[in-house]
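The structure appears below as structure tokens.
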Amino acid sequence: MELLNREHAGYRSKLEMWQRYLDFYVGGEQLRRNASRYLVRRQKEPNDVYQERLLRVFYENYLGSIVDWYAATLFRNEPILSFEGPAEFYSEFLADADLEGRSFLEFCRRAFIDALVFQQSYALIDFPKVTGQAKTRGEEDALGKSRAYLVSYSPMELINWKLDRRGNFDWVVLRTESTYQPEFLSGEEIVERRWMYYDRQNFRVYAQNRSSTQKEAGQPEAALMDEGRHGLAEMGRVPVMKLELTEGLWLANKAGLLQQEHFNKSNGLSWALDMGLFAMPVIYSEREWHQIVGEAYYIQLGPEDKFSWTEPQGHVYGLAAENLGRLKDEIYRVCYVMVQAAGREARNVTQSAASKQRDQIVTQEVLRAYGDLVKDFMRQTLRLIATARKDEVKVEVAGLDQFDVKDFTEELGNAQTLSLLVTGSNTFSREMQKRLALRYLEDSSQDVKNKVAGEIDNRL
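Number 360 in this note's numbering belongs to position 308 of the sequence shown; there are no gaps in the numbering.
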């Protein structure tokens, strides 16, 4: 057990960080459950006050929106996958890459999201283990033995590894944990922990099943469940593919601390505003005070007595709100999507068209860099599968390099300006209207787009 659970030093040093970035990406109830890890407790703050702040905690999830926007924009136009040679199998594989109904593109999109959050994501290339010997390729296909599929793993599940001098895996250990109820009327749950070891030739799978009510000291030993040669043994390669981003493209790492600071500042401001709603009365009097103060009581004041409330003047609230705005803008800026940070605040209204265009160019270049990394991951994965299956197929991946990130309102304003400058050309007016219409109807069916374009042609 101790050998199976041994964790790489790099894994131990990053585990807490990965969990923090995952919470910041998911947000919602998951972050609320773990809020005590991120909501800073003030010096000498009473425990009951801190617990009440935890109950009222909220989170504005900018990081999650940015990550999902990049994933949606990158895969909005599907990449072009071309195969030269017999490629019947790959039509099936592209439609169901993990034997769970998930397409290859969707699998890669999720791997890309994991990489934005964790910096890396992993895909295991595996083949079904079937009984019976296959003497020919046809029999192998009939038995399903050659049906390659992928399994996704996050860096939090790859607990140990060794690299060679070129940075390739010599061996890896993957650990997963799941909980299930063995029977409908069972009063307990079973916690199953599995360890998968892969080297360049072989694999071994260990499993441990224990009751959720069982104490830690009484855990059973892990048992060897399966072993043998894996599908990439003839290539002498560990069957785990890695999608890794550079430090500069790792969005969660760039925005994580800013998001945590925004989380603390926004909750601090919210708490102060809540407390300001329950102001305490102050009585200025030389007499000894014994009266009860409350909604159902009245108080009697002397001729010289004065009454007021302990309400804050609010100067710091304005500074805090301004600081929150700057933090939000900085989160978007370090993630190269400054245009999305622009709202109706005065500081954003004055941004020039040239400045917005520069921001859009930066965003497009970052998207192209992501596209190159994802295409390389897809290309290598498909080529390894083809080599393992001994298919005489050449695989190429293109695309993921054209992105339209312009604001439609800005395009509409530019078109209105051009229509005033360029007059007397029906061709120009027709093409401009078609371009705007198709841009606005980009989610409509192709039949609708063709009909709209035809109507514009006939009218002009």
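Every residue, glycine too, gets a C-beta built ideally from N, C-alpha and C.
Can you confirm whether the segment 97 to 106 touches the segment 422 to 431 when touching is taken to mean that 3 or more C-beta pairs between the two stretches lie within less than 8 Å? no
Which residues share a DSSP beta bridge with residue 135? Sequence index remark: in the sequence shown, residue 135 carries index 83 (1-based). Its beta-bridge partners are 447.
Would you mind giving the Cβ-Cβ distance between residue 201 and residue 226, rounded to the nearest angstrom? I have them listed as a contact below 8 Å. Taking the sequence shown and counting its residues from 1, one reaches residue 201 at position 149. Taking the sequence shown and counting its residues from 1, one reaches residue 226 at position 174. The pair is not a contact, with the Cβ atoms about 16 Å apart (cut-off 8 Å).
Classify residue 500 as buried or exposed, calling it buried when 16 or more other Cβ atoms lie within 10 Å of its own Cβ. The residue you call residue 500 lines up with position 448 of the sequence shown. That one is exposed.
Ordered along the chain, which non-local residues of its own chain (more than five positions away) have a Cβ less than 8 Å from that of residue 244? Here the question's residue 244 lines up with position 192 in the sequence shown. Around residue 244: 229, 230, 231, 232, 259, 260, 261.
Taking Cβ positions, are residue 190 and residue 180 nearer each other than 8 Å? Start at 1 with the first residue of the sequence shown, and residue 190 comes out as number 138. Start at 1 with the first residue of the sequence shown, and residue 180 comes out as number 128. Going by C-beta atoms, residue 190 is not nearer than 8 Å to residue 180.
Specify the secondary structure class of residue 213 as computed by DSSP and reduced to three states. Here residue 213 refers to the residue found at position 161 of the sequence shown. DSSP places residue 213 in strand when its eight states are reduced to three.
Enumerate, from N- to C-terminal direction, the unbroken alpha helix (DSSP H) stretches of 4 or more residues contained entirely within the segment 165 to 209. 189 to 195
Indicate the three-state DSSP secondary structure (helix, strand or coil) for residue 251 in the structure shown. Taking the sequence shown and counting its residues from 1, one reaches residue 251 at position 199. In the displayed model, residue 251 falls within a strand according to three-state DSSP.
Given residue 508, which residues of its chain have a CB within under 7 Å of its CB, disregarding the five upstream and five downstream residues? Within the sequence shown, numbered from 1, the residue matching residue 508 stands at position 456. Taking C-beta separations shorter than 7 Å and ignoring five residues to either side along the sequence, the partners of residue 508 in its chain run 482, 485, 486, 489, following chain order.
Is the Cβ-Cβ distance between residue 145 and residue 156 less than 8 Å? Counting from 1 along the sequence shown, the entry for residue 145 is found at position 93. Counting from 1 along the sequence shown, the entry for residue 156 is found at position 104. Closer than 8 Å, so yes.
What residue does the beta strand (DSSP E) around residue 277 start on, and which one ends it? Indexing the sequence shown from 1 puts residue 277 at position 225. Element bounds for residue 277: 275 to 281.
In terms of alpha-carbon separation, which member of 462, 511, 149, 493 lies closest to residue 479? Position 427 of the sequence shown, counted from the start, is the residue given in the question as residue 479. Here the closest residue by C-alpha is 511.
Cβ-Cβ distance between residue 70 and residue 207 below 8 Å: The residue given as residue 70 occupies position 18 in the sequence shown. The residue given as residue 207 occupies position 155 in the sequence shown. Going by C-beta atoms, residue 70 is nearer than 8 Å to residue 207.
Taking all protein chains shown into account, decide if residue 277 is buried (16 or more other Cβ within 10 angstroms of its Cβ) or exposed. Reading the sequence shown from its first residue, position 225 is the one you call residue 277. Per the 10 Å Cβ criterion, exposed.
Is the separation between the beta-carbon of residue 414 and that of residue 384 shorter than 8 Å? The residue labelled residue 414 in the question sits at position 362 within the sequence shown. The residue labelled residue 384 in the question sits at position 332 within the sequence shown. No, they are not a contact pair.
Put residue 499 into one of helix, strand or coil per three-state DSSP. Reading the sequence shown from its first residue, position 447 is the one you call residue 499. In the structure shown, residue 499 sits in a helix (DSSP, three-state: H, G or I).
Tell me whether the segment 62 to 81 and the segment 109 to 129 touch, counting them as touching only if at least three CB pairs, one residue from each stretch, are closer than 8 Å. yes
Which residues bound the alpha helix (DSSP H) around residue 480? The residue labelled residue 480 in the question sits at position 428 within the sequence shown. Note, residue 480: alpha helix (DSSP H), 478 to 492.
Inter-residue Cα distance where the pair is residue 523 and residue 317: Past the boundaries of the shown model lies residue 523; the chain is included only from 53 to 512, so the question cannot be answered.
Give the DSSP bridge partners of residue 70, in chain order. What you label residue 70 is simply residue 18 of the sequence shown in a count that begins at 1. Bridge partners of residue 70: none, in fact.
Kindly indicate the opening and closing residues of the alpha helix (DSSP H) around residue 381. By 1-based counting over the sequence shown, the position of residue 381 is 329. 367 to 386 is the extent of the alpha helix (DSSP H) around residue 381.
Using 8 Å as the threshold, is the C-beta distance between residue 451 and residue 132 below it? Looking up residue 451 in the sequence shown gives position 399. Looking up residue 132 in the sequence shown gives position 80. Taking 8 Å as the Cβ cut-off, residue 451 and residue 132 qualify as a contacting pair.
By DSSP, does residue 222 sit in helix, in strand, or in coil? Looking up residue 222 in the sequence shown gives position 170. Residue state, collapsed to three classes: strand.
Does the beta-carbon of residue 239 have 16 or more other beta-carbons within 10 angstroms, so that it is buried, or is it exposed? If you number the sequence shown from 1, residue 239 lands on position 187. Counting the other CB atoms within 10 Å of its CB gives residue 239 a total below 16, which places it among the exposed residues.
Residues near residue 447 by beta carbon distance below 7 Å, same chain, minus five either side: Your numbering for residue 447 matches position 395 in the sequence shown. Same-chain partners within the cutoff: 135, 431, 434, 435, 438.
Distance between beta carbons of residue 288 and residue 252, contact taken as under 8 Å: The count along the sequence shown starts at 1 and reaches residue 252 at position 200. The count along the sequence shown starts at 1 and reaches residue 288 at position 236. At roughly 5 Å, the Cβ-Cβ gap stays under 8 Å, so residue 252 and residue 288 are in contact.
Excluding five sequence neighbours on each side, which residues of the same chain lie with their C-beta closer than 7 Å to the C-beta of residue 401? Counting from one through the sequence shown, the residue named residue 401 turns up at place 349. With a pLDDT of 49 at residue 401, under the threshold of 50, the modelled position of this residue cannot be trusted; read the value that follows with caution. None.
Hey, residue 171 and residue 305 are a contact pair by Cβ (cut 8 Å); roughly how many whole angstroms apart? Translated into the one-based positions of the sequence shown, residue 171 becomes position 119. Translated into the one-based positions of the sequence shown, residue 305 becomes position 253. 7 Å between Cβ atoms; contact.
Residue nearest to residue 443 in terms of C-alpha spacing, selected from 139, 300, 286: Walking along the sequence shown from the start, residue 443 turns up at place 391. Here the closest residue by C-alpha is 139.
Do residue 315 and residue 90 come within 8 Å of each other at the CB atom, strictly closer than that value? Taking the first residue of the sequence shown as position 1, residue 90 is located at position 38. Taking the first residue of the sequence shown as position 1, residue 315 is located at position 263. Result yes, Cβ atoms of residue 90 and residue 315 sit closer than 8 Å.
Since residue 293 sits in a beta bridge, which residues does DSSP pair it with? Walking along the sequence shown from the start, residue 293 turns up at place 241. According to DSSP, residue 293 bridges with 175.
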